[in-house]
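Student: Sequences listed follow chains A and B, in order.
All the letters of the first sequence, read from the start, carry residue numbers 1 to 237 under my numbering.
All the letters of the second sequence, read from the start, carry residue numbers 238 to 474 under my numbering.
Quick one: this structure, given as structure tokens, is what I'll be asking you about.
Protein chains: 2
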Amino acid sequence: MPGQMKTTTGPRPEPMRSWVFALPSNRRKMKRRALLIANGELNQTDVQFGMDTCKRGLIIAADGGANQAIEAGIIPDVVIGDMDSIQPQTKELLAAKRWILKPSQEMGDLEKALLFCQEEGIEELTIIGFTGGRLDHALGNLSVLARYDRVFQYRLFSPHAELFFVRDTITLPSNPGTPVSLVPLDKAQGVTTKGLAYPLCSEPLSVGQREGTSNRATGTQFSISIASGLLLVFRGL
Amino acid sequence: MPGQMKTTTGPRPEPMRSWVFALPSNRRKMKRRALLIANGELNQTDVQFGMDTCKRGLIIAADGGANQAIEAGIIPDVVIGDMDSIQPQTKELLAAKRWILKPSQEMGDLEKALLFCQEEGIEELTIIGFTGGRLDHALGNLSVLARYDRVFQYRLFSPHAELFFVRDTITLPSNPGTPVSLVPLDKAQGVTTKGLAYPLCSEPLSVGQREGTSNRATGTQFSISIASGLLLVFRGL
């Protein structure tokens, strides 16, 4: 396991700068983008945010995420997974697309899709449909996403909020009153906030001890820093 | 905060044995039971499990949980919270019931209801409706529930699974094939399982490193032990 962890959580490799600078300035390499649709639930809000964020990117569905995508009016370019949740009409509609069968029992469909994105050199990755449905699946998905949060620049949309993993400091735009929740995924020490109605000043957050849900932004931006641990921030859509 | 934590997480007080034994054996004090309905989502399955588990107990709704209860055909005896989510028809239907207004901003409605149950001497507490809807709310609810898991004997039902907090060892009945998920809420060390298809042998589980979702029971019971941390176990309904 440690070997595998090292591979999947390591820092993103440096871009090949010499190659980039050899191109004319208007042809500089664009960051490769993708929209990934997991097999949770979608609603109109997160679909819209997902599509707006990832224009002209590759659209990837993780297994049953392909059914969700079609229902939401999105046609994926690639379907990846063990294909055990694919509905017949999805198969038919996407027959001409790229299907990548990965029947491994060791790894869930979301992780297979993330590895595929890493192999394809995707840098900016928007993900929708990783929450909703079974709570254990949503929590498992968050753990898998946390494993890759240093590989990709994420935009993570749930039907109610955009989610951010925080390991040090983050500053986010907001409107006064935007709902903000802070959920410790791995005991967060020294949590300090600016621009929230209920401020925290170098305090610990951990499950069963203290949680930071139902806060709200007071102005046009807020910031959160933590000394150690892993914090998940929800910013209401 | 430490003072407050001590109050809410301390061990359950010993029962007054001298009083209990003074009663005839068939009149020994029954454990006080309650069904608590939180303001998440309900479906037919968890409502049925909740009602079956808590027969003849007090029925308590945490704020908007009262709306959910009525939709599911349950009439609560008590409604507790800041009452900001109560629909007019709920107010009307439950006008003759006990309403406990607690407008504190420091504490969510679920925690207010848990404190009420503690004050009422409830020992066996069945809870439904604490998941579904907003994921940050569900995660906040889990944190609050974990704070009181040594105060009550819980039965925690979500629409898809019964949930168990594990701090040491647990053995649960199952059917072969029952879905089981293990989610670390606070880095779980030394996780060992018996009776699961993908066994763990003194291994760590933590968010972003390794998760234990999508396992299943192989026989009529399974057991899980952990050396330290806090594990949430989902057993499929």
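Here a beta-carbon is modelled for each residue, glycine too, at the ideal position from N, C-alpha and C.
Hey, is THR450 of chain B's beta-carbon within less than 8 Å of any beta-carbon in chain A?
Tutor: Closer than 8 Å to some Cβ of chain A, the Cβ of THR450 of chain B qualifies, so yes.
Student: Any beta carbon from chain B within less than 8 Å of SER225 of chain A's own beta carbon?
Tutor: It does not; no Cβ of chain B falls within 8 Å.
Student: By the criterion of Cβ-Cβ separation under 7 Å, what are the contact partners of SER143 of chain A in chain B?
Tutor: By Cβ distance, chain B contributes VAL444, GLY445 and GLU448.
Student: Using three-state DSSP, classify GLU41 of chain A as helix, strand or coil.
Tutor: Coil, per DSSP.
Student: Anyone know if the C-beta pair for ASN378 of chain B and LEU347 of chain B falls short of 8 Å?
Tutor: A contact, by the Cβ cut-off of 8 Å.
Student: Going by C-alpha distance, which of B:LEU273, B:ARG447 and B:ILE317 is nearest GLY294 of chain B?
Tutor: Checked all of B:LEU273, B:ARG447 and B:ILE317; the closest Cα to GLY294 of chain B is B:LEU273.
Student: Based on Cα-Cα distance, which residue from A:ALA61, A:ASP168 and A:LEU200 lies nearest to GLY229 of chain A?
Tutor: Selected option, being the one with the closest Cα: A:ASP168.
Student: Looking only at its own chain, which residues have a Cβ that is under 7 Å from the Cβ of THR192 of chain A, when we skip the five neighbours before and after it?
Tutor: Answer for THR192 of chain A: LEU200, CYS201, SER202 and SER225, listed in chain order.
Student: With the cut-off set at 8 Å, would you say ILE297 of chain B and PRO313 of chain B are in Cβ contact?
Tutor: A contact, by the Cβ cut-off of 8 Å.
Student: Please look up how many angstroms separate the CB atoms of TYR391 of chain B and ILE359 of chain B, rounded, as I've assumed it's under 8 Å.
Tutor: Not quite, the Cβ-Cβ distance comes to about 11 Å (not below 8 Å), so this is no contact.
Student: Would you identify the three-state DSSP class for ASN215 of chain A, choosing helix, strand or coil?
Tutor: DSSP places ASN215 of chain A in strand when its eight states are reduced to three.
Student: Based on the DSSP secondary-structure assignment, which residues constitute the bridge partners of ASP168 of chain A?
Tutor: For ASP168 of chain A, which the question treats as bridged, DSSP gives no partner whatsoever.
Student: Report all residues from its chain with a CB closer than 6 Å to the CB of ARG270 of chain B; omit the five preceding and five following residues, and keep chain order.
Tutor: For ARG270 of chain B, where only same-chain residues beyond five positions count, the Cβ hits under 6 Å are CYS291, GLY294 and GLU361.
Student: Which of the three DSSP states, helix, strand or coil, is assigned to GLU440 of chain B?
Tutor: Correct three-state label for GLU440 of chain B: strand.
Student: So, are the CB atoms of ALA425 of chain B and ASN452 of chain B less than 8 Å apart?
Tutor: Not a contact, by the Cβ cut-off of 8 Å.
Student: Short of 6 Å in beta carbon distance, which residues of its chain neighbour ALA69 of chain A, apart from the five on each side in sequence? Order them along the chain.
Tutor: Same-chain partners within the cutoff: ILE37, ALA61 and PRO76.
Student: Please list the residues of the stretch 402-423 of chain B that have a C-beta atom closer than 7 Å to any C-beta atom in chain A, keeping them in chain order.
Tutor: Within the stretch 402-423 of chain B, the qualifying residues are SER418, VAL420, LEU422 and ASP423.
Student: By the three-class DSSP mapping on this structure, what secondary structure does THR53 of chain A have?
Tutor: Helix, per DSSP.
Student: According to DSSP, what are the bridge partners of ASP186 of chain A?
Tutor: DSSP lists A:LEU230 as partners of ASP186 of chain A.
Student: Does SER465 of chain B have its Cβ less than 8 Å from a Cβ in chain A?
Tutor: False, the Cβ-Cβ gap to chain A never drops below 8 Å.
Student: Kindly indicate if chain A contains any beta-carbon less than 8 Å away from that of THR395 of chain B.
Tutor: For the record, residue 395 of chain B in the displayed sequence is Ser; it is not Thr. Cβ-Cβ to chain A under 8 Å: yes for SER395 of chain B.
Student: For GLY133 of chain A and GLU41 of chain A, which I take to be in contact (beta-carbon distance under 8 Å), what is that distance rounded to the nearest angstrom?
Tutor: Contact flag correct, Cβ pair sits at about 5 Å.
Student: Run through DSSP, which three-state label would LYS112 of chain A get?
Tutor: If DSSP states are grouped into helix, strand and coil, LYS112 of chain A belongs with the helices.
Student: Of all the options B:ASN276, B:VAL470, B:GLY473 and B:MET267, which has the alpha carbon lying nearest to the alpha carbon of LEU372 of chain B?
Tutor: The option with the nearest alpha carbon to LEU372 of chain B is B:ASN276.
Student: Is it a yes or a no for the stretch 442-449 of chain B touching the stretch 145-153 of chain A, going by three-plus beta-carbon pairs under 8 Å?
Tutor: The stretch 442-449 of chain B vs the stretch 145-153 of chain A: in contact.
Student: Put LEU372 of chain B into one of helix, strand or coil per three-state DSSP.
Tutor: Note: LEU372 of chain B maps to helix in three-state DSSP.
Student: Just curious, the beta strand (DSSP E) that ILE312 of chain B is in, first and last residue?
Tutor: No beta strand (DSSP E) contains ILE312 of chain B, which DSSP labels as neither H nor E.
Student: Return no unless some Cβ of chain A is closer than 8 Å to the Cβ of THR368 of chain B.
Tutor: Judged by the 8 Å Cβ criterion, THR368 of chain B is in contact with chain A.
Student: Is there a Cβ of chain A sitting closer than 8 Å to that of ASP346 of chain B, yes or no?
Tutor: For ASP346 of chain B, the answer is no, since every Cβ of chain A falls outside 8 Å of its Cβ.
Student: One question on the structure: do ASP289 of chain B and MET320 of chain B come within less than 8 Å of each other, judged by their Cβ atoms?
Tutor: Result no, Cβ atoms of ASP289 of chain B and MET320 of chain B do not sit closer than 8 Å.
Student: State the start and end residues of the unbroken beta strand (DSSP E) segment that holds LEU156 of chain A.
Tutor: Element bounds for LEU156 of chain A: 153-157.
Student: Where does the unbroken alpha helix (DSSP H) through LEU330 of chain B begin, and where does it stop?
Tutor: Taken as a continuous stretch (DSSP letters only), the alpha helix (DSSP H) holding LEU330 of chain B covers 325-330.
Student: What does the Cβ neighbour count give for PRO13 of chain A, buried or exposed, with the cut at 16 atoms within 10 Å?
Tutor: In this prediction, PRO13 of chain A has a pLDDT of 40, which is less than 50 and means its spatial position is unreliable; nothing more can be read from the coordinates.
Student: Take GLY345 of chain B as the anchor and find which of B:ILE311, B:LEU422, B:PHE402 and B:GLY302 has the nearest alpha-carbon.
Tutor: Among B:ILE311, B:LEU422, B:PHE402 and B:GLY302, the Cα nearest to that of GLY345 of chain B is on B:GLY302.
Student: Would you say LEU231 of chain A reaches chain B, if we count a Cβ-Cβ gap shorter than 8 Å as a contact?
Tutor: No, no contact with chain B.
Student: Where do the N-terminal and C-terminal ends of the beta strand (DSSP E) with GLN342 of chain B fall, by residue?
Tutor: First-last for GLN342 of chain B: undefined, no H or E at that position.
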